[in-house]
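Chemist: A single structure is presented below for examination.
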Amino acid sequence: MQTAKANSKSKQSGKSAVRTPAVSEAVAAQAQDPVAAGSPDMKPAEPQATDIGAVNPVAETSPVEQPAVHPETDVRLLDLNKIVNSTYNPRKNFREETLLELAESIRQSGVLQPICVRPRDEGFEIVYGERRYWAAAMANLKFIPALVRDLSDAEAEDAAITENLQREDVRPREEAAAYKRALQSGRHTIESLVGKFGKSEAYIRSRLKLCELIDALAGMLDKEDISVGVATEIAKYPADIQQEVYNDHFAEGCYSSWKTARIKEIARRLYERYMTKLESYNFDKTECLSCQHNTANQVLFKDECTGGCAGCQNRECMIRKNNEFLVQKAVKLLKDDPRTTLATGGETPAAVQEALEQEGYHVEELEYSVYHYDKGPQMPDAPQAEEFESEEDFTAAKEEYGAEMAVFAEETQQLEFDISEGRVRKYAIIGNLDIEIRYEEIEDEEREVTVNEGQDDEHKVFVTVVPPSPLEGLMQQDRRNREICYEHITTDMKRVFLDVKVANKPLQKEEQQMFYYAVMQRVMSDSKLRQCGFRPKEGSYLTDREQFAAAGRITVKQQAALVRAFLVDYFRSAAPEYGCTDETLLTGMMCRFADMNFTEQSQKVQQEYLQVYERRKARLQEQIDALQAKAESEELAVSMQEAPDVEPEELPDLLPDETPDAEPSPEPLIIPMDPDIEPDTRMPEEMKAAA
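In structure tokens, the structure reads:
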């Protein structure tokens with residue numbers, strides 16, 4: 260009867276009278292003694308169950324510190340096999356390492372704090388303390404001290420949420436799920452949760468946002484691959500934007516990773532990239548003026564929209580226009596100044612970077628933050644008469660402006676010279692909404708090289724390597740692009756060779772020569788080549804081309820299939836995949852062999868990469884031609900200024916007999932393998948074309 264009144268009083272007050280039962284020394288010692296708690300000889304607590312609340316008065320504690328406890332509560336030692344877990348515990352996952360640590364602690368010291376259960380069917384259901392329950396099971400205990408409380412489903416859920424949210428090790432998403440569940444129960448509001456747990460409203464609302472994370476980002480948060488702050492910022496945006504952010508900046512192999520960026524930086528990038536205010540974008544907004552998706556054209560917004568508050572409700576169209584603007588501006592900057600290098604600091608939209616790469620433009624990834632690079636000379640602002648109170652002040656300001664402009668012109672001229680000399684690199688850094696010009700000073704590079712001035716005179720020296728000019732850099736880039744093209748061709752051609760079936764049709768002469776060259780390279784040492792009568796024209800060793808020229812004779816016609824099989828194996832293992840072009844001997848041989856035997860697969864592989872190379876070459880050639888034309892015009896102008904005002908001296912014509920005869924080129928010395936048969940040292944016309 261007394262218990263019923265206490266319950267009634269607690270419910271009428273609307274607040275939880277949070278009290279912890281005072282435990283008698285005997286029961287407390289029994290609950291905390293690891294030997295007693297785990298002793299197989301100890302009987303369950305039912306025969307000696309005690310109403311703890313009747314033994315000693317209850318002690319009051321802070322309502323924020325402890326969950327609500329009903330007066331009809333007692334501590335018992337319960338059989339672990341009679342306890343089941345609940346479905347409303349906000350903690351869904353337990354870290355294995357901490358659970359093992361707790362199990363070891365329980366094994367040594369016992370369960371120091373009872374779990375809370377309520378009667379369920381023939382056993383008990385955990386209200387809170389599930390982690391202690393599992394740790395006790397891992398510690399091989401048979402019994403566990405428990406507070407047995409007669410709770411309804413709603414009361415049990417509230418008690419579980421309250422107890423678990425007060426722990427320091429609860430995971431952010433579990434905390435968010437607990438707040439959400441409390442709100443969905445209808446028994447709580449944001450305001451009541453603020454008062455109950457002592458958290459600010461902003462904190463609880465930010466945690467609730469985590470419930471809206473897409474699965475990929477939620478998994479990263481659970482694994483601590485991203486911080487709570489980063490996850491909260493991303494969770495502010497719709498699921499489609501979250502997915503785009505994940506694909507572009509957090510997925511494996513993404514173009515520009517944000518994993519190491521700070522929270523404020525990510526928040527800024529998200530705001531600038533995904534906000535919809537039209538004034539923030541730089542593309543042509545002529546079509547937007549009459550667009551139905553422009554909020555400035557909608558009746559509900561016309562009275563309130565003044566100045567630059569127009570927003571776009573068609574995000575797909577807005578992003579498309581922004582991407583097109585960035586691509587077109589990047590291409591124009593390159594055409595206006597071929598010395599420019601397109602670059603990204605991690606904020607370039609993936610679609611923009613892909614579009615530029617598809618057209619053959621290279622976008623370089625910056626090594627440092629965009630703020631590391633210099634903006635270059637800044638033009639001073641011209642003074643305005645209305646800004647000054649007297650004519651004298653205005654005149655003085657104009658004189659100061661003239662001096663500043665002179666400095667600006669001198670600095671700009673020096674910068675342009677340094678760019679042309681390769682000592683300063685000019686970047687067009689593509690951001691979310693615009694492209695910014697920045698500069699980087701290129702230092703001379705010190706390299707250690709080995710100098711051999713004699714048989715026993717070898718030493719190392721340091722040399723200074725001057726950075727290449729923009730023209731040299733473009734030519735180097737073209738050579739590298741050509742190498743990349745044939746590196747890909749070589750790699751994919753080797754994959755083609757894995758599945759092809761060789762034919763036993765008669766061998767072509769080029770195949771025979773390739774085969775014997777491969778045998779020389781793979782099987783025969785230089786001494787064996789000498790024994791066969793092959794000697795180099797100069798030096799101690801036969802060059803690759805000399806060996807190839809000497810391998811033009813075949814002796815066994817019946818081994819056609821074996822020859823082709825050998826060539827397939829040879830090309831797969833020996834063809835270079837780096838630094839090769841169509842002029843690389845082995846690469847040209849491999850492509851020619853594939854054309855003769857596996858035409859369809861060969862053409863498919865070569866065309867795939869040659870098309871990419873041709874597009875890149877066309878773009879680089881435009882820049883090279885522009886720089887060469889500029890250099891020629893400058894040389895012509897200088898020569899016109901320095902040309903002396905004299906008539907050129909006419910030289911007498913040489914008599915016919917005074918013209919010296921050109922000496923014939925010496926023939927390479929090749930000793931034939933067979934004295935009676937001269938080896939074919941000429942390269943076939945087909946091979947010349949292939950090389």
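Numbering (the working numbering), first residue to last: 260 to 950.
Ideal placement from N, C-alpha and C gives every residue a C-beta, glycine not left out.
#1: If distances are taken between C-alpha atoms only, which option among V504, R391, G488 and Y387 comes closest to L359?
#2: For M479, I'd like the list of residues in its chain whose CB is within less than 7 Å of its CB, leaving aside the five on either flank, ordered along the chain.
#3: Look up F647 in the DSSP assignment and say whether it is helix, strand or coil.
#4: Tell me the DSSP bridge mates of V724?
#5: How would you call S411, buried or exposed, if buried means at least 16 neighbouring beta carbons within 10 angstroms?
#6: Given a cut-off of 9 Å, decide if P636 and E670 are closer than it, judged by their beta-carbon atoms.
#7: Cα-Cα, which of S679, P765 and W517 is closest to E731?
#8: Buried or exposed, going by whether 16 or more other CB atoms sit within 10 Å of the CB of L585?
#9: Which residues in the same chain as N344 place their Cβ atom closer than 6 Å to its Cβ, once the five residues preceding and following it in sequence are excluded?
#10: Could you say which of R682, D693 and K468 lies nearest to V724 if we only look at CA atoms?
#11: Using a Cβ-Cβ cutoff of less than 8 Å, which residues in the same chain neighbour R432 once the five nearest sequence positions on both sides are dropped?
#12: So is D652 buried or exposed if we call it buried at 16+ other beta carbons inside 10 Å?
#13: Are V590 and Y630 closer than 9 Å when you measure CB to CB?
#14: Residue ranges of each alpha helix (DSSP H) run of no fewer than 4 residues wholly in the region 339-413, ordered along the chain?
#15: To which residues of the same chain is L625 closer than 6 Å at the C-beta, ignoring the five residues directly before and after it?
#16: Cα separation between K407 and I365?
#17: So which of E531, E511, E797 and A413 has the shortest CA-CA distance to G445?
#18: Confirm, please, whether the CB-CB distance from D409 to P373 is below 9 Å.
#19: Give every residue of the same chain whose Cβ lies closer than 7 Å to the Cβ of G488, excluding the five residues on either side of it in the sequence, and list them in chain order.
#20: Specify whether the region 828-839 and the region 747-767 touch according to this definition: at least 3 beta carbon pairs, one from each stretch, less than 8 Å apart.
#21: Report the option in E675, I688, D640 and I743 whose CA atom is closest to the CA atom of T846.
#22: Within 10 Å of its beta-carbon, does K889 have 16 or more other beta-carbons around it, so buried, or fewer, so exposed?
#23: Straight-line CA distance for L442 to N506?
#24: Would T600 and K685 be called neighbours here (beta carbons separated by less than 9 Å)?
#25: So for K685, helix, strand or coil by DSSP?
#26: Report the three-state DSSP secondary structure of I696 (helix, strand or coil).
#27: Starting from L601, trace the beta strand (DSSP E) both ways and give me its first and last residue.
#28: Hey, N582 and P608 are a contact pair by Cβ (cut 8 Å); roughly how many whole angstroms apart?
#29: Relative to the C-alpha of C613, which residue among E575, Y660, C513 and D677 is closest?
#30: What distance in whole Å lies between the Cβ atoms of A498 and R466, which are believed to be in contact at a cut-off of 8 Å?
#31: Would you list the residues sitting across from H718 in a DSSP beta bridge?
#32: With a 10 Å radius around its C-beta and 16 neighbouring C-beta atoms as the bar for buried, classify R464 as buried or exposed.
#33: State the Cα-Cα distance for the pair D693 and Q502, rounded to the nearest angstrom.
#34: Quick one: is S368 buried, meaning 16 or more other Cβ sit within 10 Å of its Cβ, or exposed?
#35: With distances taken between CB atoms, is the gap from N856 to V761 smaller than 9 Å?
#36: Between the beta-carbon of Q771 and the beta-carbon of G811, is there less than 9 Å?
Modeler: So, from the data block:
#1: R391
#2: I485 and F509
#3: coil
#4: E704
#5: exposed
#6: yes
#7: Closest in C-alpha terms to E731, from the list S679, P765 and W517, comes S679.
#8: buried
#9: I385 and E389
#10: R682
#11: L469, C470, L472, A477, L480 and D481
#12: exposed
#13: No, these two residues do not count as a Cβ contact at 9 Å.
#14: 355-368 and 389-397
#15: A602 and G604
#16: As written in the sequence, residue 407 is Val, which differs from the Lys given in the question. Going from the Cα of V407 to the Cα of I365 covers about 21 Å.
#17: A413
#18: no
#19: Correct list, in chain order: I522.
#20: yes
#21: Distance from the Cα of T846 is smallest, within the candidate group E675, I688, D640 and I743, for I743.
#22: Exposed, because fewer than 16 other Cβ atoms sit within 10 Å of the Cβ of K889.
#23: 32 Å
#24: Against a cut-off of 9 Å, the Cβ pair of K685 and T600 comes out as a contact.
#25: strand
#26: Here I696 carries a strand assignment [DSSP, helix/strand/coil].
#27: Segment T600 to T603, the beta strand (DSSP E) holding L601.
#28: 6 Å
#29: First, the residue type needs correcting, since residue 613 is Glu and not Cys in the sequence shown. Per the Cα distances, C513.
#30: Wrong, their Cβ atoms sit about 18 Å apart, outside the cutoff.
#31: V710
#32: exposed
#33: 23 Å
#34: exposed
#35: yes
#36: yes
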